[in-house]
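Take any residue in the sequence shown, note its place counting from 1, add 671, and you have its number in our numbering. Where is the CB? At the ideal position from N, CA and C, for every residue including glycine. Data block below; observations after.
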Amino acid sequence: MSNPNKKQKRSIVFVTGLSGAGMSSALNILQDIGFYVLDNLPLALIQSFLDYDAGDETPLAIGIDSRSKDFSLSGLTSILDTQRINNPDNHYVLLYMDCNPAFLLRRFNENRRKHPFLKGSDLQESILKEKEFLDPLKESADIFIDTSLMTTKDLRLVLKGKFHHESSPLLILVQSFSYKFGIPRESDLLFDVRFLKNPHYVDALSHQTGQVEAVGDYIEEDPIFPSFYQNLKNLLQPLLVRYIEEGKNYLAISFGCTGGKHRSVYMAEALSKWLKEQGYAVHTKHRELEKNHK
């Protein structure tokens, strides 16, 4: 069990990743929640700054990417390894911001920014070159965030949950999604509810969503639903208590179905309601429904 009197370790977060994947947004969000932020500090100066800053307890975020002067994968990992050995009282985190190349291509075309790996005119090739260059760093990351389908609001919620150290209750994200568009990478607990009766094949319900009462009634008529839902709650009750005891302050629970419109939406709504009744802070998100309303 966590000791409430134990001094909180200082978080020092190295933020890196693909150009266009949201590093700047991540640094801005971390600054908003109390971090002192440095961006594009040359690797040669990082060690000196950390030595100078050693007595400070303010959480620190350092942005480092392929544009940084003297950037190298071995140089960054060497700094992290040295700091973890020499300063065990701090909590060092390598945060890697990732994104699907197709989404990066669209972002760069929309913003008309120059990619740091661009030598000629092939933007897509530049994106893939940087991805290949940074892939080894991604493998060693402590936290990996894929922003392909994230809004800035989503990113804020994830980062606030992972790095906000106030003694606030566990923040739970409950979300629905479609398997056709990929599993949310931030998921801690994942439930596939494609085994439930599908309202999509009922004419009166196919164009509705899991937020509509008639859709929920139809899903609840499935003979397996009562035992599944009760077992789900029985599973979560002790888990949530232990997560809190261990100091976890953010949990992402995801429900997936075929289209992300009926079954997963209903389950996310139902579980969110129950969790709120238990006194938890809950944020509910329906990924595919929100995309359709943009």
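Query: Local Cβ density within 10 Å of H957, reported as buried at 16 or more and exposed below that; Result: buried
Query: Outcome for T729 when other beta-carbon atoms lying within 10 angstroms are tallied against a minimum of 16; Result: exposed
Query: Span separating the alpha-carbon of E837 from that of I700; Result: Its pLDDT being 49, under 50, E837 is placed unreliably in this model, and the value from its coordinates should be taken loosely. One C-alpha to the other measures close to 16 Å.
Query: Which of helix, strand or coil DSSP assigns to T687; Result: strand
Query: Pairwise C-alpha distance: E940 and H933; Result: 11 Å
Query: Cutoff 7 Å; reference R827; Cβ partners in own chain excluding five residues on either side; Result: I700
Query: Whole-angstrom distance between I733 and R778, CA atom to CA atom; Result: 23 Å
Query: Straight-line Cα distance separating I704 from K831; Result: 7 Å
Query: CA nearest to the CA of C928, picked from I854, E961, H786, S811; Result: I854
Query: For I816, the residue or residues it bridges with in DSSP; Result: M768
Query: Nearest candidate by alpha-carbon position, reference T955, set L842, Y889, L709; Result: L842
Query: Strand pairing of T955, partner residues [DSSP]; Result: V845
Query: Through-space distance from S935 to F685, alpha-carbon basis; Result: 35 Å
Query: As assigned by DSSP and simplified to three states, the class of G832; Result: helix
Query: N- and C-terminal bounds of the beta strand (DSSP E) containing D863; Result: 860-863
Query: Alpha-carbon to alpha-carbon, G693 and T981; Result: The requested residue 981 is not part of the displayed model; the chain covers only 672 to 965.
Query: Inter-residue Cα distance where the pair is P772 and L799; Result: 7 Å
Query: Nearest-angstrom Cβ-Cβ length linking I735 and L747, presumed shorter than 8 Å; Result: 6 Å
Query: Best match in Y767, F788, A952, P909 for proximity to L808 [C-alpha to C-alpha]; Result: Y767
Query: Any non-hydrogen atom of the ligand COA closer than 8 Å to K802 Cβ; Result: As presented, the structure is devoid of all ligands, the ligand COA included, so that no description of it is given.
Query: Residue nearest to V845 in terms of C-alpha spacing, selected from F899, Y763, Y937; Result: Y937
Query: C-alpha gap between N780 and I895, whole angstroms; Result: 48 Å
Query: Euclidean distance between Cα positions of S847 and A812; Result: 26 Å
Query: Proximity winner among R681, C770, R738, relative to L802 (alpha-carbon distances); Result: Inspection of the sequence shows that residue 802 is occupied by Lys rather than by Leu. Minimum Cα distance to K802 is reached at C770.
Query: V912 - DSSP class collapsed to helix/strand/coil; Result: helix
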